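Below: one structure, written as structure tokens.
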Amino acid sequence: MSNRKLSVDALVIGGGIAGLQAAIDLGDQGYQVLIVEKAPSIGGKMISLSKVFPTLDCSSCICTPRMAAASHHKNISIMTYAEVEATTRTHDGFEATVLQKPRYVMEDDCTGCRLCEFACPVELPHEFEGGLGARKAVYVPFNNAIPQIALVDLENCILCGRCEKVCPTKAINFLQEPERVTVEAGAVILATGYTLSDMSAKEQYGGGRLKNVLDGLQVERLLAPHGPYGRVLRPGDGKIPDSVAYVQCAGSRDRSLGVPYCSRVCCMYAIKQAMLLSGSLPLVDITIYYMDIRAFGKGFEQFYQNAKAMGIEFVKAKVAKITEDDQQNPVLRIEVMEEDGRVEERTHDMVVLSPAVLPGWDPSRAVLVDTDDEDGFVHCVQPKLAPGYTSQAGIFVAGNAAGPKDIPDSIVEAGAAAAEASAYLRGIGRRGYEPEPASGDRSALVGEVT
Amino acid sequence: MANETHDKHRILVLATETCAYPGADNVGQIHAEYPANAYILRVPAPVIFPEKFYLDCFDKGISGIIVMSCGHECPYPKAYDRLAKRISEVHGLMKERNLSPDRLRLCAICTVCSKSFLKEIRRMNEVLAASA
Amino acid sequence: MSRKGSGELRSGGSGGNGGPRVGVYICHCGGNISDVVAVEHVVEAVRKLPCVVIARRHMFMCSDPGQNLVLEDVVNEKLDRVVVAACSPTLHELTFRDTLRRAGLNPYLYEHANIREQVSWASKSDPEGATDKAIRLVAAAVAKACRLRPLEPLRVGASRRVAVIGGGIAGLRSALDLASQGLAVALLERSPFFGGRAAQLDQVFPTSDRASDLLAELMAKASVDPNISLYTGAEVASTSGYIGNFHMKVTLHPRGVREGITPDQARAAIEACPETAASEFDYGLARRKAIYQPCPDCHPPLPAIDWETCTRCGKCAEAAGEGAIALEAPAREIDLDVGAIVLATGFDPYEPRTGEYGYGEHGVVTLPQFIRMLNERGPTAGRLTVDGRPVRNIAFIHCVGSRQVDGIHAPGPDGKVNDYCSRVCCTATLQAAKEVRDRFPDVNVFDFYQDIRTYGRGHETYYEDTSKQGVLFFRWTADAPPVVEAATGDPDAALVVKVKDTLTWGEEVEVPADLVVLSTGIMPRDIGSLVEMLKLPRGADRFLQEVHPKLRPVELAVGGVFLAGTCQGPMDITESAAAASAAAVKASALLAKGHIELDPFVAGVDEALCTGGVGCNSVCVEECGAQHAISLVERREGGETRLVAEVNRAVCGGCGMCVAVCPSRAIQVEGWRLDQFESMVDALLTVEG
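Protein chains in written order, with the numbering used here: chain A, 1470 to 1919; chain C, 129 to 260; chain H, 193 to 881.
This is the structure in structure tokens:
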């Protein structure tokens, strides 16, 4: 195993929208940046979303320009399918060991043509599609992935060799080895994002076994114009749902699951999905079971009111249990928290859970920072004035790594982390673009005193 | 050529570089097919074209034009509204010249709107086949 | 986009025989293209085109051998235009532009034809059609290439100074971040004191930090930072210019107090002043003098004179003694040349109308007022009393001036209701409720809400804690808001709150209260003429409107102007600080080099063709709104003066709206000229396969 060395000003861990934005903001100031992304493509969660609230912009259309900007940036380099294994502090910064996982495809030779993918006989559930669609054992991660490079899922590969035969550049290489790269960096930004709590954690909601109970991210794929089925239907039997229910706080604000906090984005994405579903299935009835509707951001409340005006039903209720009937229709046992407080059972064709937003990566394994006992996210030592500061000077945090948040808040925080990191970098003598001499003017001081 | 109708009819597609052009790329990436008579030109914002450009294209022998814009996701403020207005003006001028306004179509295509893209190409070919 | 490689770049154009010399390269993409498209056939067809000096094909054009082919041909065949037909330009257009640069050719003399995504992959079952389409697209690319002009990235000189307007938390945070990158900062605060709204707060959620400590920390850094100039009483009088080069005139209103004034002199001056006004710092709960200091640790820790209230009677000057007070000091104007402007103009709390939820009655206050009451140095010294009587029951009512509904709520002076959520009030209210229960365990707390929106990290705890501490919650809906009335016959409470509580079967409940706290929302602060001066776009909610909430969340459509904090929408301190830093990093990237590099794809005018009509100018003014790029200037020719359009290339975004309305085709967007498009259409219709 060779041991390449790279030296940069800043190491950004995570290539989702927060990491990309932080890297671009640093790169634009002339700092050299390396992004390390554990998935085979940059883009994070955002690239898999359908449309985004409250503007209903196409998510891909907003995310791909950022991905392209980072990948074409002359001050930014990117390692995908790579993981930071360990970080140590050196006299003037940090040294990280990054594991480049083998794709079994020579990166420099692959042109992303997908002939291998078409030739591969193995079909597997597609992670990018929330397990709803299929992918091959050799595959380009998704359509607009960056980089457009295939990888072999060796665990499920049957070694038939068809991909090797069809590859025009002979890029398939089953002997590719993992590589460890040493990265020296002046500062580190953690932008490691989130994951949703597993549906199996909530036994009373079917523990992930009910076919027509999905999570929010899966429905994002159902709604995406290029999603797994190309249309909205329920995965259990392909039926077009006439009645869809959303169950909010299905994991958040729930001490029994160890998640006392609010996951912050679920109200809005449920409302958004409800609106998009109403658009693609004009006859569908949608009910959102909620505790509080937290439409707090810019334009959110207006969005919520529009959804109500469209006829989406909002019911303040606790959902005690979800089972299914013999038609695989989910049956909800609910306690209505308003009106007469009755307990009743309601049947829907499809149920969407809003699980808890959990940390995407436990940094304590590989990076030196502390996490909060309460929520497991990166601990912020100066949340009011310097939201990106962690327990370690020189290591900053942005986006969902520091707690659940939506895309605009993540992007703004990424800018803040970049500002904090650049101030730190100058403090340790690393500079970006060399400016012409500044001309500070102190002619007028505090107040105008005459 | 493989298809006579398509050989006769040439469709010009004016696709915005931020939305519709990558959207057209996406159609290729998923290996979805559409007739080879659609020629896609990349433009920053189709609002750049005066009325005469469209009419000239028809005079020169273009059979149908699809303006694939970003719709209201247009990166230039208000450009889409002005474009929509211009296209309807051109429709008026086309009628004066006995050109069916169906042969100039304005739509919005996003970066992953492969289905809509295919539908637009198909629809324009149908229009042209019917008018032939 | 710096020039790589060495020496002068050739600009192409009229070589030996006058015409352009085009090289065309068709990529096989290892079969991805050549399995469907008959590439040899394309090469043959293209070779026949005029201007094409050389046409080749290669297995992988993007590979080093492929690029070297171009490099060698440019040199050996004296090519001055290059066309590569391969995959989508989004993948490799920049690659080949760079190849041209390395070959010593201007990189904009390159045109890309997309024959993979838009030909071979999209026409698999029609190889003949695909080949024909490829030929036509390549011919079109060649036609455009022949008409390409060499371009240079625009370089706009830029001042490395930034004006930050507003001296609250966001302005201070932004100023410090800008200064940390070596930029000079002028921090302009309109009032006599820094600190903004945060100065009026006490404990802040979720850390229980004291807002005054947070401010002191920022102020301590800002006041010693050699890159930051601090101005109070600073009002922007005018602005002109554009990205990188703004010119501002700023009026500095006199403080009326000399810097050397001692605390004793200040005290004597304030005591001597006979005039009073409602204290804005205590939200009208107390009165202050015309010469005043809102709190001992204000920034700067000096009094200031409120010129509207002051009668210039001179008593303060007399009491303070020689040289402490300057009643006759004139306002002064300073000029600032700045490269960027950060707006951190903050918010105003919603001011309820008289009678709205009982506002105006004794015992009905707003949450900002209540926060002043909780402060031990506030108007009630931290005691909860109404008319001298201790408070026993407090009712909090949420969403006052927020989440308003047209038709239910009376509109404000501008005819609009506040239909947005103010984001911070839920947690702020519960924090206040918690503080009441912590400090005054005998005081009962009732909370009237629509939805509890404790969304942020650490916020939910306040909801949990107050519930455990016995705060009683009642839920109402917008069509049946709570009613606050004077109580009749209750000796313990002067007020009663009536509401239909949806949590208990919609039962009408009456809650006695001697203090009702209205959780008022956040309104954009009136920033007067700044909106006009800088052509600032505002949203339907009247907050300043970013270009795009996700792509460019802290930028305004006006280039070089950035947003920091609550001028953009409701935010808490954490969020304001993040937005302020994000704005700073954008401005700092913009000005990092002392000049700004912009894409050359902007409008340009051929003055010989321009008839001085107003089409382009007016469309640019109307549509670009924010800042128009086109102006009409006078040209003198042979004793005659005529008008021609002139483009400020630093401001032009290249949308091309002007192009379509120009009757003489004098204005064109470089890189996308109309004649280039027309020649492409001609070529794809006429080329022979």
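Just so you know, even glycine gets a beta-carbon here, dropped at the ideal spot from N, CA and C. These numbers were taken from a predicted model, which means no experiment stands behind them.
Runs of beta strand (DSSP E) lying entirely within the segment 1695-1751 of chain A, each at least 3 residues, in chain order: Counting only runs of 3+ residues, the beta strand (DSSP E) found wholly inside the segment 1695-1751 of chain A occupies 1712-1716, in chain order.
Interface positions of the segment 1601-1618 of chain A facing chain C (Cβ-Cβ less than 8 Å), listed along the chain: Hits within the stretch, in order: 1612 and 1613.
Where residue 383 of chain H falls, given that 16 or more other Cβ within 10 Å makes a residue buried: Within the third sequence, residue 383 of chain H is the residue found at index 191, counting from 1. Label assigned to residue 383 of chain H: buried.
Cross-strand partners of residue 357 of chain H (DSSP beta bridge): For this step, residue 357 of chain H is matched to residue 165 along the third sequence. Note: residue 357 of chain H sits in a beta bridge opposite H/380 and H/535.
CA-to-CA distance, residue 186 of chain C to residue 864 of chain H, given in whole angstroms: Within the third sequence, numbered from 1, the residue matching residue 864 of chain H stands at position 672. Within the second sequence, numbered from 1, the residue matching residue 186 of chain C stands at position 58. When the Cα atoms are used, residue 864 of chain H and residue 186 of chain C turn out to be separated by approximately 20 Å.
Other residues of its chain near residue 460 of chain H: CB distance less than 6 Å, five sequence neighbours each side excluded: As a first step, residue 460 of chain H must be located in the third sequence, where it is residue number 268. Closer than 6 Å at Cβ, skipping near neighbours: 511 and 512.
Beta-carbon contacts of residue 817 of chain H that lie in its chain and below 8 Å, excluding the five residues immediately before and after: Position 625 of the third sequence, counting from 1, holds the residue named residue 817 of chain H. In this prediction, residue 817 of chain H scores a pLDDT of 48, lower than 50, which makes its location untrustworthy; the coordinate-derived value is nonetheless stated afterwards. For residue 817 of chain H, where only same-chain residues beyond five positions count, the Cβ hits under 8 Å are 727, 729 and 749.
Any chain H beta carbon closer than 7 Å to residue 161 of chain C: As a working note, residue 161 of chain C is residue 33 in the second sequence. Yes, contact with chain H.
Through-space distance from residue 330 of chain H to residue 294 of chain H, alpha-carbon basis: For the purposes of this step, residue 294 of chain H is identified with residue 102 of the third sequence, where counting begins at 1. For the purposes of this step, residue 330 of chain H is identified with residue 138 of the third sequence, where counting begins at 1. Computed Cα separation, rounded: 23 Å.
Chain-ordered chain C contacts of residue 316 of chain H [CB-CB under 8 Å]: Sequence index remark: in the third sequence, residue 316 of chain H carries index 124 (1-based). Taking a Cβ-Cβ threshold of 8 Å, the residues of chain C close to residue 316 of chain H are 159 and 161, in chain order.
Contact list for residue 846 of chain H against chain C, beta-carbon separation under 7 Å: Looking up residue 846 of chain H in the third sequence gives position 654. Residues of chain C whose Cβ lies closer than 7 Å to the Cβ of residue 846 of chain H are, in chain order, 172.
Best match in A/1845, A/1801, A/1777 and A/1650 for proximity to residue 1566 of chain A [C-alpha to C-alpha]: In the first sequence, residue 1566 of chain A corresponds to position 97, counting from 1. The residue with the shortest Cα to Cα distance from residue 1566 of chain A is A/1650.
Length at least 4, wholly inside the segment 711-784 of chain H: the alpha helix (DSSP H) runs in chain order: For the alpha helix (DSSP H) assignment, the uninterrupted runs of no fewer than 4 residues enclosed by the segment 711-784 of chain H are, from N- to C-terminal side, 721-726 and 765-783.
Exposed unless 16 or more other CB atoms sit within 10 angstroms - verdict on residue 610 of chain H: Here residue 610 of chain H refers to the residue found at position 418 when the third sequence is read from its first residue. Under this definition residue 610 of chain H is a buried residue.
Beta strand (DSSP E) segments (min. 3 residues) lying fully within the segment 1538-1622 of chain A: Listed in chain order, they are 1545-1548, 1551-1559, 1562-1569, 1592-1594 and 1603-1605.
Under 8 Å from the C-beta of residue 146 of chain C: neighbouring residues of chain A: Stepping through the second sequence from its first residue, residue 146 of chain C is reached at position 18. Contact annotation for residue 146 of chain C against chain A: 1530 and 1534 [CB-CB distance below 8 Å, chain order].
Test: residue 465 of chain H CB closer than 7 Å to a CB of chain A: Translated into positions along the third sequence, residue 465 of chain H becomes position 273. Not an interface residue.
Cβ shell of residue 433 of chain H (< 6 Å), same chain only, five flanking positions each side left out: Your numbering for residue 433 of chain H matches position 241 in the third sequence. Result list for residue 433 of chain H: 439, in chain order.
Secondary structure of residue 1528 of chain A, DSSP reduced to three states: As a first step, residue 1528 of chain A is located in the first sequence; it is residue number 59 there, counting from the start. Residue 1528 of chain A falls in the helix class under three-state DSSP.
Spatially closest choice to residue 583 of chain H from H/603, H/240, H/298 and H/631, by CA coordinates: Along the third sequence, one-based indexing puts residue 583 of chain H at 391. Looking at the Cα atoms, H/631 is the closest of the given residues.
Any chain C beta carbon closer than 7 Å to residue 1585 of chain A: If you number the first sequence from 1, residue 1585 of chain A lands on position 116. No, because no Cβ of chain C sits closer than 7 Å to the Cβ of residue 1585 of chain A.
Residue 1860 of chain A (DSSP reduced to helix, strand or coil): In the first sequence, counting from the first residue as 1, residue 1860 of chain A sits at position 391. Coil.
Exposed unless 16 or more other CB atoms sit within 10 angstroms - verdict on residue 479 of chain H: In the third sequence, the residue the question calls residue 479 of chain H occupies position 287. The residue is exposed, with fewer than 16 neighbouring Cβ atoms inside 10 Å.
Reference residue 1584 of chain A; option with closest CA among H/224, H/291, H/797 and H/505: The residue labelled residue 1584 of chain A in the question sits at position 115 within the first sequence. For residue 1584 of chain A, the nearest C-alpha among the options comes from H/224.
Cβ of residue 188 of chain C within 7 Å of any chain H Cβ: By 1-based counting over the second sequence, the position of residue 188 of chain C is 60. Interface residue, yes.
Continuous alpha helix (DSSP H) stretch holding residue 249 of chain C: start and end: Within the second sequence, residue 249 of chain C is the residue found at index 121, counting from 1. Under the DSSP assignment, residue 249 of chain C falls in the alpha helix (DSSP H) whose first and last residues are 242-259.
Residue-level contact to chain C via CB, residue 672 of chain H, 7 Å cutoff: Indexing the third sequence from 1 puts residue 672 of chain H at position 480. Judged by the 7 Å Cβ criterion, residue 672 of chain H is not in contact with chain C.
Residue-level contact to chain C via CB, residue 322 of chain H, 7 Å cutoff: Working through the third sequence from its first residue, we reach residue 322 of chain H at position 130. Look at residue 322 of chain H: its C-beta is under 7 Å from a C-beta on chain C.
Residues that DSSP places opposite residue 1759 of chain A in a beta bridge: Looking up residue 1759 of chain A in the first sequence gives position 290. Secondary-structure assignment with DSSP links residue 1759 of chain A through a beta bridge to A/1785.
Pairwise C-alpha distance: residue 831 of chain H and residue 520 of chain H: Taking the third sequence and counting its residues from 1, one reaches residue 520 of chain H at position 328. Taking the third sequence and counting its residues from 1, one reaches residue 831 of chain H at position 639. When the Cα atoms are used, residue 520 of chain H and residue 831 of chain H turn out to be separated by approximately 54 Å.
Residues of the segment 764-792 of chain H with Cβ closer than 9 Å to any Cβ of chain A, in chain order: Those would be 764, 765, 766, 767, 769, 770, 771, 772, 773, 774, 775, 776, 777, 778, 780, 781, 782, 783, 784, 785, 786 and 787, in chain order.
Stretch-stretch touch, CB-based, cutoff 8 Å, three pairs: the segment 496-512 of chain H with the segment 593-607 of chain H: No: fewer than three Cβ pairs fall under 8 Å.
Interface partners of residue 155 of chain C on chain H, CB under 7 Å: On the second sequence, residue 155 of chain C is found 27 positions in, with the first residue counted as 1. In chain order: 314.
Counterpart residues of residue 430 of chain H in DSSP-defined beta bridges: Position 238 of the third sequence, counted from the first residue, corresponds to residue 430 of chain H. In the DSSP assignment, residue 430 of chain H is bridged to H/441.
Three-state secondary structure assigned by DSSP to residue 559 of chain H: For this step, residue 559 of chain H is matched to residue 367 along the third sequence. Residue 559 of chain H falls in the helix class under three-state DSSP.
Buried versus exposed, by CB contacts within 10 Å (16 or more), residue 1668 of chain A: Position 199 of the first sequence, counting from 1, holds the residue named residue 1668 of chain A. Residue 1668 of chain A is classed as buried because its beta carbon has at least 16 other beta carbons within 10 Å across all chains shown.
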